[in-house]
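Protein chains in written order, with this note's numbering: chain F, 5 to 168; chain C, 5 to 168.
All residues carry an ideal CB built from backbone N, CA and C; glycine is no exception.
Scroll down for the structure; my scribbles are underneath it.
Protein chains: 2
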Amino acid sequence: MKTPVKAGRPAEFDRDHALDVAMHLFWERGYEGTSMADLSQRMGIHPSSIYAAFGDKQALFALAAKRYADVPAQYMVNALEQPSFRSFVLAAFDNTVEFLGSKAHPPSCFTLTGAISCDIDTEPAKILMRGMRLQNEAAIKARLLRARKAGEFPKNENVDDFTR
Amino acid sequence: MKTPVKAGRPAEFDRDHALDVAMHLFWERGYEGTSMADLSQRMGIHPSSIYAAFGDKQALFALAAKRYADVPAQYMVNALEQPSFRSFVLAAFDNTVEFLGSKAHPPSCFTLTGAISCDIDTEPAKILMRGMRLQNEAAIKARLLRARKAGEFPKNENVDDFTR
DNA sequence: TGAATTCTGTAACGATCGATCGATATTCTA
DNA sequence: TAGAATATCGATCGATCGTTACAGAATTCA
Chain F
5 MKTPVKAGRP
15 AEFDRDHALD
25 VAMHLFWERG
35 YEGTSMADLS
45 QRMGIHPSSI
55 YAAFGDKQAL
65 FALAAKRYAD
75 VPAQYMVNAL
85 EQPSFRSFVL
95 AAFDNTVEFL
105 GSKAHPPSCF
115 TLTGAISCDI
125 DTEPAKILMR
135 GMRLQNEAAI
145 KARLLRARKA
155 GEFPKNENVD
165 DFTR
Chain C
5 MKTPVKAGRP
15 AEFDRDHALD
25 VAMHLFWERG
35 YEGTSMADLS
45 QRMGIHPSSI
55 YAAFGDKQAL
65 FALAAKRYAD
75 VPAQYMVNAL
85 EQPSFRSFVL
95 AAFDNTVEFL
105 GSKAHPPSCF
115 TLTGAISCDI
125 DTEPAKILMR
135 GMRLQNEAAI
145 KARLLRARKA
155 GEFPKNENVD
165 DFTR
């Protein structure tokens with residue numbers, strides 16, 4: 005199987021960089037608050053090229069969300085990998101404070117900002133965001149259960165409530 | 005000074021009830037996610053009457069936010085009035101869990117939902133929501149300082165970070 | 001070089017956005 | 001009962017929404 009060489013005119017923009025711009029825009033203004041005109045202007049790509057390269061707005065948002073999970077949201081993964089429960093909580097807290105306080109990006113949560121202001125529950129973007137949050141909750145819950153087994157967490161507390 | 009009797013045709017809707025409907029709609033879908041057509045349909049009032057009674061969309065949102073602060077968000081005020089720091093934290097936690105878990109309203113936070121997806125920072129709705137959150141933070145911070153004085157809170161913790 | 005393929009840019013589509021107009025209907029005051 | 005005041009209604013405004021059609025530009029393959 006040979007490496008296929010793409011024919012035709014090459015794209016004039018960097019795909020990853022364009023996705024970064026889109027991610028920050030969605031991050032800052034939410035899904036409905038970000039128009040295709042905004043994206044086109046800030047990404048430096050004409051609408052037609054956006055649709056050709058990423059699909060429609062939903063698809064672009066999904067790609068931006070994926071990039072968010074891969075790059076800037078890794079700080080929580082680091083916290084989850086702490087050996088003891090206490091160090092996990094401290095790390096999660098410190099990382100969150102540092103994360104939200106950083107000036108490199110908007111002071112908000114992508115998963116919340118992106119999910120809000122969709123008209124119906126079946127909206128794909130909302131479902132996508134909900135899935136990401138559930139994934140986060142599951143990871144945190146597993147970490148809590150591990151802590152309970154090690155006797156680091158009181159048994160009479162409801163794990164689900166605490167997770168939330 | 006006599007009580008002025010309003011002349012002209014009386015309104016056919018209940019103002020408070022209409023505001024409740026608008027509040028829940030903004031609560032559920034956010035500011036930009038709620039259209040005037042949605043509001044008109046759910047409130048049972050034609051757009052012109054909405055503009056005549058409440059002003060433009062921003063004004064209606066401000067009134068809905070005020071109603072939110074007056075009615076359903078009182079649970080936090082109750083927590084702040086707990087005598088000891090420990091009972092305050094527990095009350096705040098329990099009330100929040102119960103509040104978010106209730107099925108009488110959307111499982112989200114009005115101040116966040118409403119503030120998101122505004123295009124610029126000077127957007128009045130965003131400023132309004134930010135003001136409400138700052139007010140909340142100030143109240144919580146004052147409660148924390150009171151707790152510190154009573155020796156219920158470790159002094160080496162940063163109050164602002166904890167508040168957040 | 002010619003054909004096939006892919007990207008770019010202009011222009012525009014129908015739908016919906018928030019907002020407003022003028023006409024009519026209903027109530028109060030005088 | 002005449003007139004002022006307010007509410008409702010149907011229609012519609014210009015702007016913007018997400019999206020697409022189409023022609024030309026740039027590249028690879030034969």
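For residue i and residue j, I'd like the C-alpha separation in whole angstroms.
{"i": "F:Leu23", "j": "F:Leu67", "result": "7 angstroms"}
{"i": "F:Tyr55", "j": "F:Val25", "result": "16 angstroms"}
{"i": "C:Leu29", "j": "F:Ala11", "result": "50 angstroms"}
{"i": "C:Val75", "j": "C:Val9", "result": "28 angstroms"}
{"i": "C:Phe65", "j": "F:Ala41", "result": "26 angstroms"}
{"i": "C:Trp31", "j": "C:Phe17", "result": "21 angstroms"}
{"i": "C:Tyr72", "j": "C:Asp20", "result": "12 angstroms"}
{"i": "F:Arg13", "j": "F:Gly59", "result": "18 angstroms"}
{"i": "C:Gln62", "j": "C:Ser39", "result": "12 angstroms"}
{"i": "C:Ala57", "j": "F:Tyr35", "result": "31 angstroms"}
{"i": "F:Ser221", "j": "C:Ser52", "result": "Since the displayed chain F opens at 5 and closes at 168, residue 221 of chain F lies outside it and no answer follows."}
With a 10 Å radius around its C-beta and 16 neighbouring C-beta atoms as the bar for buried, classify residue i as buried or exposed.
{"i": "F:Met27", "result": "buried"}
{"i": "C:Ala15", "result": "exposed"}
{"i": "F:Arg33", "result": "buried"}
{"i": "C:Ala69", "result": "buried"}
{"i": "F:Gly37", "result": "buried"}
{"i": "F:Asp125", "result": "Here the model assigns F:Asp125 a pLDDT of 39, short of 50, so the residue's position is not dependable, and the following value carries that caveat. Classification for F:Asp125: exposed."}
{"i": "C:Ala108", "result": "Low confidence applies to C:Ala108: its pLDDT is 48, below 50, so where it sits in the model is not reliable enough to give any reading."}
Give me the subset of the segment 35–51 of chain F whose CB atoms are less than 9 angstroms from a CB atom of chain C, sorted by chain position.
Tyr35, Glu36, Gly37, Thr38, Ser39 and Asp42
How do the segment 44–54 of chain C and the segment 39–50 of chain F stand: do at least 3 beta-carbon pairs fall below 8 angstroms, yes or no?
Here the segment 44–54 of chain C makes no contact with the segment 39–50 of chain F; the two share fewer than three CB pairs at distances below 8 angstroms.
What runs of the alpha helix (DSSP H), each 4 residues or longer, lie entirely inside the segment 44–72 of chain C?
51–58
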